[in-house]
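In the working numbering, the protein residues as written are 1 to 333.
Quick reminder that beta carbons are idealized off the backbone N, C-alpha and C, glycines included.
A short worksheet on the structure shown next.
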Amino acid sequence: MSEIVVSGIRPTGKLHLGNYFGAVINFLKLQEAHDSFFFIADYHSLTTHPTPEDLHGSVYRVFAEYLALGLDPDKCTLYLQSDLPETAELYMFLNMNAYKGELERVTSFKEKARSQPDNVNAGLLTYPVLMAADILIHKGSRVPVGKDQEQHLEMARTFSNRFNRLYHTEYFPEPQAFTFGKNLVKVPGLSGQGKMSKSAGEADCIYLDDAPEVLNKKIMRAVSDSGPSEPGAAKSQPVQNLFDLMALVSNDDTISFFETQHQSGTIRYGDMKKQLAADMELFVAPLRDKIRSTIENREQVAKAAKHGAEKARESADKTMKEVREIIGFRKFY
Ligand code: TYM
Numbered sequence: 001m002s003e004i005v006v007s008g009i010r011p012t013g014k015l016h017l018g019n020y021f022g023a024v025i026n027f028l029k030l031q032e033a034h035d036s037f038f039f040i041a042d043y044h045s046l047t048t049h050p051t052p053e054d055l056h057g058s059v060y061r062v063f064a065e066y067l068a069l070g071l072d073p074d075k076c077t078l079y080l081q082s083d084l085p086e087t088a089e090l091y092m093f094l095n096m097n098a099y100k101g102e103l104e105r106v107t108s109f110k111e112k113a114r115s116q117p118d119n120v121n122a123g124l125l126t127y128p129v130l131m132a133a134d135i136l137i138h139k140g141s142r143v144p145v146g147k148d149q150e151q152h153l154e155m156a157r158t159f160s161n162r163f164n165r166l167y168h169t170e171y172f173p174e175p176q177a178f179t180f181g182k183n184l185v186k187v188p189g190l191s192g193q194g195k196m197s198k199s200a201g202e203a204d205c206i207y208l209d210d211a212p213e214v215l216n217k218k219i220m221r222a223v224s225d226s227g228p229s230e231p232g233a234a235k236s237q238p239v240q241n242l243f244d245l246m247a248l249v250s251n252d253d254t255i256s257f258f259e260t261q262h263q264s265g266t267i268r269y270g271d272m273k274k275q276l277a278a279d280m281e282l283f284v285a286p287l288r289d290k291i292r293s294t295i296e297n298r299e300q301v302a303k304a305a306k307h308g309a310e311k312a313r314e315s316a317d318k319t320m321k322e323v324r325e326i327i328g329f330r331k332f333y
């Protein structure tokens with residue numbers, strides 16, 4: 001039997017290379033063979049308190065980008081999380097069995113609590129519960145995500161199992177993180193540190209519609225070492241990041257050329273970045289064109305969003321009727 005696939009992306013402005021290789025590339029394959037639900041996680045984005053204009057603009061934009069990248073409303077269900085208020089209801093039910101201690105131990109929560117001590121809101125704490133609701137509202141079992149979401153998926157399994165145990169049922173599946181490769185993907189950013197992420201700053205991210213000169217400038221300014229290391233020395237983190245980015249967009253000959261140069265201690269990082277910028281431009285150019293033209297086509301975007309909302313609600317409505325019944329909310333009037 002084909003599995004039910006569910007995944008989401010927060011609307012934080014635009015999609016970057018990490019979103020593409022961590023998530024979207026798998027969505028494109030999965031929509032061909034499975035019952036797939038892909039959504040814009042606009043409820044989730046409220047933890048950062050966007051203005052109404054910013055929220056709306058980002059949601060529209062990311063939805064249009066999904067379409068431009070090839071998600072097909074006839075093959076998958078493409079929708080906005082906020083078009084399914086049923087998700088908020090399931091989130092509330094799951095929250096009744098989610099505990100403060102376990103939520104406080106989630107790495108992403110601890111990081112946010114550290115980096116934004118003035119805004120440690122309840123939505124941030126219960127973020128993994130809302131994610132579990134997103135998945136379980138369609139009884140999703142397969143969740144294409146990048147490596148950074150692994151722990152959230154573990155929590156989704158915890159909440160699913162807990163619900164089943166509490167009500168002596170096998171109603172919800174155990175959602176598993178999924179990628180077509182061997183390992184979940186982590187695309188590094190340009191700042192020489194961890195994963196590519198908007199919260200690490202604009203200069204950390206390669207956006208799929210970055211103009212050629214912007215792309216070139218960002219890559220040429222990417223953090224690397226000041227000069228070649230000793231022959232045979234291990235790569236520093238920033239240098240490893242450049243090689244990881246190259247592995248995504250350059251051909252094998254190019255990669256082994258620079259690997260050999262690194263090994264022999266003769267590499268010039270300026271040359272490597274120039275090559276990476278050229279290969280990245282070849283990769284991004286067709287996506288950029290498609291994104292820009294889709295964003296202009298408001299009619300196509302609106303039609304797809306309406307169609308997606310209708311399909312998604314059918315599935316959510318069915319789940320919530322059954323969930324209310326299981327919990328004991330049964331009509332006697
Ligand atoms: P978000 O919006 O941060 O990222 C969306 C998807 O992109 C992947 N990703 C990356 N993959 C590899 N390398 C990177 N540098 C990188 N940056 C982002 C993420 O792993 C993710 O797959 N909580 C989620 C959104 C969400 C969700 C869900 C996902 C809400 N509900 C239910 C799955 C199922 C998030 O913030 O992803």
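(message) Taking a contact to mean a Cβ-Cβ separation below 8 angstroms, would you say residue 264 touches residue 242 in this structure?
(response) no
(request) State the Cα-Cα distance for the pair residue 19 and residue 115, rounded to the nearest angstrom. (result) 22 angstroms
(message) When you measure from the CB of residue 197 to every non-hydrogen atom of the ligand TYM, does any distance come out below 7 angstroms?
(response) Indeed, a heavy atom of the ligand TYM lies less than 7 angstroms from the Cβ.
(request) Quick one: give me the first and last residue of the alpha helix (DSSP H) that residue 237 is part of. (result) Element bounds for residue 237: 237 to 249.
(message) Let me check one thing: in DSSP terms, what residues is residue 175 bridge-paired to?
(response) For residue 175, which the question treats as bridged, DSSP gives no partner whatsoever.
(message) Nearest by alpha-carbon distance to residue 356: which of 197, 163, 101 and 192 is it?
(response) The chain is shown only over 1 to 333; residue 356 falls outside these bounds and no answer can be derived.
(message) residue 142 and residue 249 - do their beta-carbons sit closer together than 8 angstroms?
(response) no
(message) Quick check: does the Cβ of residue 206 come within less than 7 angstroms of any heavy atom belonging to the ligand TYM?
(response) Answer for residue 206: no, Cβ out of range of the ligand TYM.
(request) Between the Cα of residue 293 and those of 61, 182, 41 and 51, spot the shortest distance and give me the residue it belongs to. (result) 61
(message) Would you say the beta carbon of residue 23 is closer than 7 angstroms to some non-hydrogen atom of the ligand TYM?
(response) For residue 23, the shortest C-beta to heavy atom distance toward the ligand TYM is below 7 angstroms.
(request) Measure from the alpha carbon of residue 139 to the alpha carbon of each residue in 126, 85, 13 and 3, then state which is nearest. (result) It is 3.
(request) Within its chain, find whatever has a CB closer than 8 angstroms to the CB of residue 326; leave out the 5 residues flanking it on each side and keep chain order. (result) 167, 169 and 171
(request) Please state whether DSSP places residue 124 in a helix, a strand or coil. (result) Three-state result, residue 124: helix.
(message) Beta-carbon within less than 7 angstroms of residue 150's beta-carbon, same chain only, minus the 5 sequence neighbours each way: which residues are those?
(response) Taking C-beta separations shorter than 7 angstroms and ignoring five residues to either side along the sequence, the partners of residue 150 in its chain run 177 and 184, following chain order.
(request) Could you tell me which uninterrupted alpha helix (DSSP H) segments, each at least 4 residues in length, are contained entirely in the segment 189 to 237, listed from first to last along the chain? (result) For the segment 189 to 237, whole alpha helix (DSSP H) runs of length 4 or above, ordered along the chain, are 212 to 220.
(message) Using only the alpha-carbon positions, how far apart do residue 56 and residue 211 sit?
(response) 23 angstroms
(request) Counting only the same chain and skipping the five closest in sequence on each side, list residues whose C-beta sits under 7 angstroms from that of residue 30. (result) 5, 36 and 144
(request) Please confirm whether residue 79 and residue 309 have their CB atoms less than 8 angstroms apart. (result) A distance below 8 angstroms separates the beta carbons of residue 79 and residue 309.
(message) Give me, in chain order, the residues of the same chain whose beta-carbon lies closer than 6 angstroms to that of residue 103; leave out the 5 immediate sequence neighbours on both sides.
(response) Around residue 103, the same chain offers 125 as residues with beta carbons nearer than 6 angstroms, after the five sequence neighbours per side are excluded.
(message) Could you compute how far the alpha carbon of residue 203 sits from the alpha carbon of residue 190?
(response) 7 angstroms
(message) Considering just the uninterrupted stretch of the beta strand (DSSP E) at residue 117, what are its terminal residues?
(response) Residue 117 -> no beta strand (DSSP E), and no H or E assigned at all.
(request) Within 10 angstroms of the Cβ of residue 81, are there 16 or more other Cβ atoms? Answer buried if so, exposed if not. (result) buried
(request) Can you grab the Cα-Cα spacing for the pair residue 11 / residue 311, in whole Å? (result) 21 angstroms
(request) Please state if the CB of residue 13 and the CB of residue 45 are separated by a distance shorter than 8 angstroms. (result) no
(request) Could you say which of 288, 47 and 100 lies nearest to residue 120 if we only look at CA atoms? (result) 47
(request) Label residue 99 either buried or exposed according to how many other C-beta atoms from any shown protein chain fall within 10 Å of its C-beta, with 16 as the threshold for buried. (result) exposed
(request) Answer yes or no: the CB of residue 284 versus the heavy atoms of the ligand TYM, is any distance below 7 angstroms? (result) no
(request) Could you pull the start and end residues of the beta strand (DSSP E) that residue 35 belongs to? (result) 35 to 40
(message) Helix, strand or coil, according to DSSP, for residue 10 in the structure here?
(response) coil
(message) Our contact map puts residue 336 next to residue 26 with C-beta atoms below 8 angstroms; I'd like the distance itself, whole angstroms only.
(response) Residue numbering for the chain in the displayed model covers 1 to 333; residue 336 lies beyond these limits and cannot be assessed.
(message) Beta-carbon within less than 7 angstroms of residue 161's beta-carbon, same chain only, minus the 5 sequence neighbours each way: which residues are those?
(response) 174
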